[in-house]
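Trainee:
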Amino acid sequence: METVTEEKIDELIKAQTHIWNHTFHFIKSMSLKCAVQLGIPDIIKSHGQPMTLSELVLALQVHPTKTHHLYHLMRVLVHSGFFNLQTASDNHSQEGYILTPASRLLLKDSSFDTRPFISLVLDPVATEPYNYLIPFLRNDDLTPFVTAFKDTLWGCAGNEARINHLVNDCMASDSSVIGRAVIIKCKEVFEGVNSLVDVGGGTGNMAKAIGQTFPNLKCTVLDLPHVVDKLQGSNNLSFLGGDMIQAVPPADAILLESILHNWPDEECIKILKNCKEAVSEKGTGGKVIIIDMVMGNQSWDDSLMEGQLCLDMQIVRVLRS
Numbered sequence: 000m001e002t003v004t005e006e007k008i009d010e011l012i013k014a015q016t017h018i019w020n021h022t023f024h025f026i027k028s029m030s031l032k033c034a035v036q037l038g039i040p041d042i043i044k045s046h047g048q049p050m051t052l053s054e055l056v057l058a059l060q061v062h063p064t065k066t067h068h069l070y071h072l073m074r075v076l077v078h079s080g081f082f083n084l085q086t087a088s089d090n091h092s093q094e095g096y097i098l099t100p101a102s103r104l105l106l107k108d109s110s111f112d113t114r115p116f117i118s119l120v121l122d123p124v125a126t127e128p129y130n131y132l133i134p135f136l137r138n139d140d141l142t143p144f145v146t147a148f149k150d151t152l153w154g155c156a157g158n159e160a161r162i163n164h165l166v167n168d169c170m171a172s173d174s175s176v177i178g179r180a181v182i183i184k185c186k187e188v189f190e191g192v193n194s195l196v197d198v199g200g201g202t203g204n205m206a207k208a209i210g211q212t213f214p215n216l217k218c219t220v221l222d223l224p225h226v227v228d229k230l231q232g233s234n235n236l237s238f239l240g241g242d243m244i245q246a247v248p249p250a251d252a253i254l255l256e257s258i259l260h261n262w263p264d265e266e267c268i269k270i271l272k273n274c275k276e277a278v279s280e281k282g283t284g285g286k287v288i289i290i291d292m293v294m295g296n297q298s299w300d301d302s303l304m305e306g307q308l309c310l311d312m313q314i315v316r317v318l319r320s
């Protein structure tokens with residue numbers, strides 16, 4: 000038997016803790032999903048002051064025998080930074096839950112509502128492919144998603160309304176945050192542009208943000224027919240069913256927001272060539288605007304880098320990029 004020193008024991012315990020933390024990481028995700036589905040952030044906000052566990056039990060109609068289960072759920076969420084504890088104003092002997100900047104993004108009336116992102120990423124349609132990583136590595140399927148469901152994500156979205164709504168709502172949520180950031184930080188990019196096509200723009204949140212800031216700019220959202228068929232435009236916003244791989248309508252500017260990371264190089268080249276043709280048709284020296292994540296940004300801290308790596312893993316496993 001290997002001789003184990005006190006120093007070695009400390010190292011082993013630290014290593015085992017590291018394994019445990021990563022193995023149990025799904026508990027944090029599922030706890031967050033549960034909080035979102037129960038509407039806990041909105042309930043705490045509506046309470047107007049620190050909300051005690053007993054008050055939360057009543058508001059959620061939790062069975063009396065399950066109070067301790069809710070306590071453990073909230074303890075994980077507090078540790079994860081989604082809620083804080085603060086002394087209740089009307090009962091100085093008890094602590095109550097309050098919102099944090101993270102949980103404010105989970106409110107129904109938030110301008111940056113991230114609940115649709117959570118709903119898609121933690122739905123079985125997105126998590127199940129990870130159970131097929133080994134067979135995927137040994138077959139010639141395009142993605143683990145195809146191994147699991149025998150179809151692509153876009154194919155499933157086209158055939159199943161539930162998945163279509165999950166995908167569209169998630170993309171719209173993401174565009175709301177990015178759209179606000181682009182308008183604030185890169186407003187000059189859109190100055191002097193009379194027409195713009197938002198390629199793969201989904202329900203149009205990005206185009207709406209741009210159109211509201213530049214009311215004289217005509218915005219067209221190009222996406223698959225099942226995505227845009229029932230969407231209504233406005234004075235300077237219209238929706239067009241089509242396929243970016245086949246063609247992109249002409250405009251002064253073409254916007255690719257979170258698009259290229261969804262595709263392998265060959266398709267990306269086709270899309271970019273279509274965009275080049277679209278701006279060339281106008282004959283006014285148009286532009287192609289690309290908004291996407293870039294791997295390997297050394298200025299990011301560990302938290303940002305972890306999110307980037309996980310998102311990259313998700314994109315590669317679910318999509319074909």
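If you're matching positions, the sequence shown starts at 0 in numbering that gives the first Met the number 0 and goes up one per residue. Cβ atoms here follow ideal geometry from the backbone N, Cα and C, with glycine treated the same way. Since the model is a prediction, treat every value here as computed from it, not as a measurement.
Quick one: using the 10 Å Cβ neighbour count with 16 as the cut-off for buried, is Y131 buried or exposed?
Mentor: Flag for Y131 reads buried.
Trainee: Answer with buried or exposed for R161, where buried requires no fewer than 16 other C-beta atoms within 10 angstroms of its C-beta.
Mentor: It counts as exposed.
Trainee: What are the start and end residues of the beta strand (DSSP E) that includes V387?
Mentor: As displayed, the chain neither begins before 0 nor continues past 320, which places residue 387 out of reach and without an answer.
Trainee: Quick test of your reading: K32 and I117, contact by CB under 8 Å. State the CB separation rounded to the nearest angstrom.
Mentor: With a Cβ gap of about 6 Å, K32 and I117 count as contacting.
Trainee: Hey, would you say V188 sits closer than 8 Å to A206, going by beta carbons?
Mentor: Going by C-beta atoms, V188 is not nearer than 8 Å to A206.
Trainee: Using a Cβ distance threshold of 8 Å, determine whether the segment 130-146 contacts the segment 78-93, with at least three qualifying pairs required.
Mentor: Verdict: no, contact absent.
Trainee: Closest to L223 by CA distance: which of D242, N215 and T212 is it?
Mentor: Of D242, N215 and T212, the residue nearest in Cα terms is D242.
Trainee: May I have a chain-ordered list of the alpha helix (DSSP H) segments no shorter than 4 residues that lie completely inside the segment 179-219?
Mentor: If we require 4 residues or more, the alpha helix (DSSP H) runs fully inside the segment 179-219 come out as 204-212.
Trainee: Between the alpha carbons of T64 and S175, how many angstroms are there, rounded?
Mentor: Those two C-alpha atoms are separated by around 41 Å.
Trainee: Pull up the distance between the alpha-carbon of Q85 and that of D301, whole angstroms please.
Mentor: Cα to Cα, the separation comes out at about 29 Å.
Trainee: Do you know offhand how far D168's Cα is from L119's?
Mentor: The alpha-carbon atoms of D168 and L119 are separated by roughly 9 Å.
Trainee: Could you give the uninterrupted runs of the beta strand (DSSP E) lying entirely in the segment 141-181, keeping only those of 3 residues or more?
Mentor: Runs of the beta strand (DSSP E) inside the segment 141-181: none found.
Trainee: CA-CA distance, L52 and Y70?
Mentor: L52 and Y70: Cα-Cα distance of roughly 7 Å.
Trainee: Under a Cβ-count criterion, where at least 16 other Cβ atoms within 10 Å of its own Cβ denotes burial, should D321 be classed as buried or exposed?
Mentor: For the chain, the structure presents residues 0 to 320; residue 321 sits outside this window and is missing.
Trainee: Please confirm whether V196 and P248 have their CB atoms less than 8 Å apart.
Mentor: Yes, Cβ-Cβ distance for V196 and P248 is below 8 Å.
Trainee: Which residue from K13, N163 and S279 puts its Cα closest to that of V226?
Mentor: Checked all of K13, N163 and S279; the closest Cα to V226 is N163.
Trainee: Closer than 7 Å by C-beta to I26: which residues in its own chain qualify, once you throw out the five before and the five after it? Chain order, please.
Mentor: If we look at I26 and ignore the five residues flanking it on each side, its Cβ neighbours are V75.
Trainee: Between the segment 301-314 and the segment 273-280, do three or more beta carbon pairs fall short of 8 Å?
Mentor: Taking 8 Å as the limit for Cβ pairs, the verdict is that the segment 273-280 does not touch the segment 301-314.
Trainee: From the DSSP output, which residues share a beta bridge with L221?
Mentor: Partner(s): V198 and L239.
Trainee: Tell me the rounded alpha-carbon separation between P49 and K286.
Mentor: Their Cα atoms are separated by approximately 51 Å.
Trainee: Tell whether a beta-carbon distance below 8 Å holds between N261 and L310.
Mentor: Taking 8 Å as the Cβ cut-off, N261 and L310 do not qualify as a contacting pair.
Trainee: Compute the distance between the beta-carbons of L98 and P143, then report whether it is under 8 Å.
Mentor: Not closer than 8 Å, so no.
Trainee: With DSSP as the reference, label I42 as helix, strand or coil.
Mentor: DSSP places I42 in helix when its eight states are reduced to three.
Trainee: Is the separation between the beta-carbon of V198 and that of I258 shorter than 8 Å?
Mentor: Result yes, Cβ atoms of V198 and I258 sit closer than 8 Å.
Trainee: If you count every other CB in all the chains shown that lies within 10 Å of the CB of M73, and 16 or more means buried, which is it?
Mentor: Per the 10 Å Cβ criterion, buried.
Trainee: Please report the straight-line C-alpha distance between L121 and F23, rounded to a whole angstrom.
Mentor: Between L121 and F23, the C-alpha separation is close to 15 Å.
Trainee: Would A208 be called buried (16 or more neighbouring beta carbons within 10 Å of its own) or exposed?
Mentor: It counts as buried.
Trainee: So the beta strand (DSSP E) Q231 belongs to, where does it begin and stop?
Mentor: Premise fails: Q231 is in no beta strand (DSSP E) and is neither H nor E.
Trainee: Assign T16 to one of three DSSP states: helix, strand, or coil.
Mentor: In the structure shown, T16 sits in a helix (DSSP, three-state: H, G or I).
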